[in-house]
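The structure under discussion appears below in the form of structure tokens.
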Amino acid sequence: MVKNLTARDSDYSKWYNDIVQQADLAENSGVRGCMVIKPYGYAIWEKMQSVLDKMFKQTGHQNAYFPIFIPKSYFSKEASHVDGFAKECAVVTHYRLKNAEDGSGVEVDPTARLEEELIVRPTSETIIWDTYRKWIQSYRDLPILCNQWANVVRWEMRTRLFLRTAEFLWQEGHTAHATEQEAIEETKQILDVYADFAENFMAMPVEKGTKTEAERFAGAIETYCIEALMQDGKALQVGTSHFLGQNFAKAFDVKFATKEGKKDFVWATSWGVSTRLMGALIMTHSDDNGLVLPPKLAPFQVVIVPIYKGEEHLKQISKKVEIVQKALQAKGITVKYDDRDTHKPGWKFAEYELKGVPIRLAIGQRDLENGTIEVARRDTLEKETYQLTDIENKVEHLLQQIQDNLYRKALTRKEEKTYKADSFEEFKSLIETGGFVWAHWDGTSETEEKIKQQTKATIRCIPIEKEAELGKCVLSGKASNQRVLFAKSY
RNA sequence: CGGGAUGUAGCUUAGCCCGGUUAAAGUGCUGGUCUGGGGGACCAGAGAUCGGAGGUUCGAAUCCUCUCAUCCCGACCA
0 MVKNLTARDS DYSKWYNDIV QQADLAENSG VRGCMVIKPY GYAIWEKMQS VLDKMFKQTG
60 HQNAYFPIFI PKSYFSKEAS HVDGFAKECA VVTHYRLKNA EDGSGVEVDP TARLEEELIV
120 RPTSETIIWD TYRKWIQSYR DLPILCNQWA NVVRWEMRTR LFLRTAEFLW QEGHTAHATE
180 QEAIEETKQI LDVYADFAEN FMAMPVEKGT KTEAERFAGA IETYCIEALM QDGKALQVGT
240 SHFLGQNFAK AFDVKFATKE GKKDFVWATS WGVSTRLMGA LIMTHSDDNG LVLPPKLAPF
300 QVVIVPIYKG EEHLKQISKK VEIVQKALQA KGITVKYDDR DTHKPGWKFA EYELKGVPIR
360 LAIGQRDLEN GTIEVARRDT LEKETYQLTD IENKVEHLLQ QIQDNLYRKA LTRKEEKTYK
420 ADSFEEFKSL IETGGFVWAH WDGTSETEEK IKQQTKATIR CIPIEKEAEL GKCVLSGKAS
480 NQRVLFAKSY
């Protein structure tokens with residue numbers, strides 16, 4: 000029987016869950032709010048990691064690793080940081096189990112209580128700045144440019160696979176600088192790296208900007224972000240880069256001797272992207288037939304399906320396939336040849352479509368006779384028969400075309416769903432429709448909050464390249480010199 | 001934490017209101033035959049202490065009580 004995906008139009012979030020499960024990306028686990036990332040899903044994450052990791056290294060960063068546990072006392076040192084995370088921290092209180100006396104299994108040994116409780120990291124600023132204090136004495140020790148790939152835990156009430164889970168995987172960069180200017184530049188540089196990655200690898204257009212005070216990272220002076228628009232018209236924050244000022248340096252007493260021999264606090268940044276990118280990737284390109292992957296992030300870019308009758312016939316085809324496969328691999332194209340006899344061609348076609356493989360090649364008797372191969376592209380679902388000659392160049396070209404086409408489609412969709420509103424009535428109805436709405440805002444948290452209460456829309460970001468435009472706040476009517484980006488968000 | 005709902009085969013569910021043979025179906029799984037250019041057909045099989053505990057009854061998946069778990073809505077959420 001046909002596995003049926005829920006259609007996007009009938010129930011978007013069910014469609015999303017169906018894709019995650021049926022494309023073998025992830026599933027819920029025995030632990031509430033925590034997911035199992037399955038091999039195929041993890042392979043996509045590994046692709047993302049390897050691209051980003053290269054980008055971080057090219058910009059001078061090094062990887063390191065800091066502990067998953069943070070002493071409670073460290074956590075208390077930066078006041079707003081505590082406020083931001085306290086409500087969703089998992090806490091380790093004991094270090095030993097024992098057999099229950101009634102034989103019902105194991106229980107926590109009450110005599111093994113930790114003297115100081117440990118927080119499972121929701122983010123690592125505190126433990127890292129406690130460490131940086133020891134690393135930094137002089138301006139000569141700066142800058143420090145570290146990144147870590149790690150898991151973090153935030154005890155969320157409502158979770159969704161990839162988009163919001165209690166445990167998730169991410170990278171967190173933590174840098175230390177001698178000057179404010181340098182730290183701000185670092186923050187912006189990383190934002191550019193994220194935007195570059197989103198657009199050129201994920202084929203996902205983003206808006207760059209800064210967060211309002213209400214949406215800012217707990218402990219940051221300024222939070223920069225990239226925001227993407229999903230197919231259902233809701234925004235998703237996909238990356239953040241924070242200028243932390245001297246907040247953590249002061250909280251952890253990290254000072255350095257300047258060239259002039261004076262003491263000053265160190266300037267800091269932190270930045271991260273997480274497995275939420277997987278959710279963004281799914282919701283940006285996929286359709287009612289399943290996942291659609293941009294070639295640059297697909298675990299394998301091409302799948303080859305043989306169509307045959309009997310073992311002898313398969314051998315003949317496999318010989319031909321081997322030649323094609325080698326030619327493609329020589330081009331650096333990743334190929335999977337699925338010659339399993341346990342599944343039929345039709346089944347395989349549907350399966351790889353569901354899994355978003357960019358190009359499918361099929362080869363059968365007809366092709367053996369004609370020296371051809373069938374080429375199907377996932378993004379448009381078009382099928383064409385190509386001559387085998389020079390197939391590797393044709394496929395290489397097609398992969399690039401698919402990558403470009405996905406970006407163009409996503410960009411068009413984003414532009415179509417981006418509006419300007421000049422009255423509150425207009426604003427409300429556009430927000431209701433779904434999409435990005437540019438509107439004037441008077442700059443106060445009160446207005447921001449009122450708008451949120453009335454429309455559920457939040458300010459996603461304040462654009463960086465400021466297009467000065469005088470206007471009046473869409474709610475209060477007070478003067479404003481710039482539009483900001485509103486949307487309902489995940 | 002407030003409101004609502006659901007637990008029956010690996011998965012999705014029927015049966016429950018109105019108690020009565022051996023708990024039903026689809027899908028998935030195993031074996032076989034035919035098949036093979038878009039999730040194939042047929043045949044034969046395996047698979048469930050009906051979430052758990054207690055109670056009512058001659059008899060409980062079904063009724064009652066308690067309990068556990070999960071899901072949805074709200075609140076909360078860089």
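Quick note: the first sequence uses numbering that gives the first Met the number 0, first residue 0, plus one each step. C-beta: ideal position from N, C-alpha, C; glycine also. Just so we're clear, the structure is a prediction, and the values are computed from it rather than from any experiment.
C-alpha gap between Glu106 and Ala99, whole angstroms: The alpha-carbon atoms of Glu106 and Ala99 are separated by roughly 6 Å.
Contact under 8 Å by Cβ, Leu113 with Thr130: Cβ distance not < 8 Å, so Leu113 and Thr130 don't count as in contact.
Helix, strand or coil at Glu504 according to DSSP, with G and I counted as helix: Residue 504 lies beyond the stretch modelled for the chain, which goes from 0 to 489, so this question has no answer here.
Cβ shell of Ala409 (< 8 Å), same chain only, five flanking positions each side left out: Correct list, in chain order: Ala202, Met203, Pro204, Thr283, His284.
Beta-carbon proximity check, Gln315 vs Leu367, cutoff 8 Å: With respect to Leu367, Gln315 sits close: the two C-beta atoms are nearer than 8 Å.
Rounded straight-line distance, which links the Cα of Tyr73 to that of Gly476: Gly476 and Tyr73: Cα-Cα distance of roughly 44 Å.
At least 3 beta-carbon pairs within less than 8 Å: the stretch 440 to 455 vs the stretch 210 to 217: Taking 8 Å as the limit for Cβ pairs, the verdict is that the stretch 210 to 217 does touch the stretch 440 to 455.
Whole-angstrom distance between Ile220 and Asp17, CA atom to CA atom: C-alpha separation (whole angstroms): 40 Å.
Beta-carbon contacts of Gly278 that lie in its chain and below 6 Å, excluding the five residues immediately before and after: Annotation for Gly278: Phe161, Leu162 place their beta carbon closer than 6 Å to its own, counting only its chain and skipping 5 residues before and after.
Boundaries (first-last residue) of the beta strand (DSSP E) holding Leu387: Element bounds for Leu387: n/a, residue is neither H nor E.
Extent of the continuous beta strand (DSSP E) run through Phe161: That residue, Phe161, is in no beta strand (DSSP E); it is neither H nor E in DSSP.
Status (buried if at least 16 other CB within 10 Å, exposed otherwise) for Arg139: Exposed, because fewer than 16 other Cβ atoms sit within 10 Å of the Cβ of Arg139.
Cα-Cα separation, Tyr41 to Thr268: Rounded to the nearest angstrom, the two C-alpha atoms are 28 Å apart.
Own chain partners of Lys37 with C-beta closer than 7 Å, once the 5 adjacent residues on each side are dropped: Here the set comprises Asp23, Leu24, Ala25, Glu26.
Three-state secondary structure (DSSP) of Ile401: DSSP, reduced to helix, strand and coil, places Ile401 within a helical segment of the structure shown.
Cβ-Cβ distance between Lys416 and Gly434 below 8 Å: In this structure, the beta-carbon distance from Lys416 to Gly434 falls below 8 Å.
Alpha carbon of Ile461 to alpha carbon of Cys33, nearest angstrom: Each residue's Cα considered, the two are about 33 Å apart.
Identity of the residue in Asp337, Arg132, Lys207 nearest Ile189 by Cα: Looking at the Cα atoms, Lys207 is the closest of the given residues.
Euclidean distance between Cα positions of Leu313 and Phe65: Approximately 52 Å between the Cα atoms of the pair.
Residue interval of the beta strand (DSSP E) (run including Trp154): It is not in any beta strand (DSSP E) - Trp154 carries neither H nor E in the DSSP assignment.
Status (buried if at least 16 other CB within 10 Å, exposed otherwise) for Gln453: It counts as exposed.
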